[in-house]
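Taking our numbering, the leading residue of the sequence shown gets 39, the next gets one more, and so forth. Note that beta-carbon positions come from the ideal geometry of N, C-alpha and C, so glycine has one too.
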Amino acid sequence: MSCFCSLIGMAAECESGNCHAWAAKDPSGTLSPYKFNRRTVQSGDISLRITHCGVCYADVIWTRNQHNDSVYPLVPGHEIAGVVTEVGSDVNGFKVGDHVCVGTYVNSCRDCENCNSFLENHCSKFVFTFNGVDTDGTVTKGGYSGHIVVHERYCYKIPDGYPLEKAAPLVCAGITVYTPMIRHNMNQPGKSLGVIGLGGLGHMAVKFGKSFGLKVTVFSTSESKREEAISLLGADNFVISSDKKQMEAHGLWLEV
């Protein structure tokens, strides 16, 4: 599920390299105020004031140490949107005042076949936005904070006029459904798309599908989500997946 965390008030408190954040201090997952130092801006870096950060289930997993590798204090958040406040001397793609977002990764080797193919998520040395070990040995801290410093390669410009609070979840939940849709050519009007479940990912798949001109069918066990799927998101069909007759009527007509 993706929700939104507005950090506008907190961001105003960050100055002189000190950053205020919300952090988990132990596996209870409870977040409390926390202060730490972000690195100074290097030649290829940008610094952005974080205005919004999406809430992803990965944040819950690592704050509660469900993978047994959490390093505390842990500052979660990897669906980050904000405004550029400083750029390094070698940065050409961004300027102060730009609206930008930062997603799941903040570093990689930048020299392997995957990195050279813009597939940094497959790099063996990728660095997760929080609870990852960066090249200088420090543990990364995420977007539940006032600002973040990141190499420009891992920052993405938000189109002018697009709301920051809507942009933040696109760099995780959004690309999770968008990427396979593009890979399987499901951006061609007239094709039929099936969406299983109407949660944080499913609702975005419906919206992408309709924007691509697809015929979208939502499969769910929850009758209560029918109105949202049809009336709010614009799905063409809604099928109760536990109903054998409904499944037989719709399941064979889908391309993806």
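Return the chain-ordered list of same chain residues with a C-beta closer than 7 angstroms to the C-beta of tyrosine 216, the five sequence neighbours on each side being excluded. Phe246
Glycine 120, enclosing beta strand (DSSP E) - first and last residue: 118-125
Three-way DSSP call (helix, strand, coil) for cysteine 161 in this model: coil
With 16 other CB atoms within 10 Å as the buried threshold, where does methionine 39 fall? Interpretation of methionine 39 is limited by its pLDDT of 43, a score under 50 that renders its predicted location unreliable; no figure is taken from the coordinates.
What residue does the alpha helix (DSSP H) around valine 277 start on, and which one ends it? Where valine 277 is concerned, there is no enclosing alpha helix (DSSP H), although the beta strand (DSSP E) it sits in stretches over 275-278.
When the distance is taken between beta carbons, is glycine 180 closer than 8 angstroms to glycine 120? no
Alpha carbon to alpha carbon, how far is alanine 167 from isoleucine 196? In the sequence on display, residue 167 carries threonine and not alanine. So the two alpha carbons sit approximately 19 angstroms from each other.
Three or more beta-carbon pairs under 8 angstroms between the stretch 79-98 and the stretch 156-165, yes or no? no
Spell out the partners DSSP gives valine 233 in its beta bridges. Val256
Please report the residue range of the alpha helix (DSSP H) in which serine 249 lies. 240-249
Taking DSSP's pairing of strands, which residues face isoleucine 186 in a bridge? Leu86
Look at valine 122 and isoleucine 84 and say whether their C-beta atoms are less than 8 angstroms apart. yes
With 16 other Cβ atoms within 10 Å as the buried cut-off, status of glycine 251: exposed
Using a Cβ-Cβ cutoff of less than 8 angstroms, which residues in the same chain neighbour valine 134 once the five nearest sequence positions on both sides are dropped? Val122, Thr123, Glu124 and Val125
What are the boundary residues of the alpha helix (DSSP H) that proline 193 is part of? For clarity, residue 193 is cysteine in the given sequence; the question names proline instead. Per DSSP, cysteine 193 belongs to no alpha helix (DSSP H); it is in the beta strand (DSSP E), 193-195.
Classify glutamate 286 as helix, strand or coil using the three-state DSSP reduction. helix
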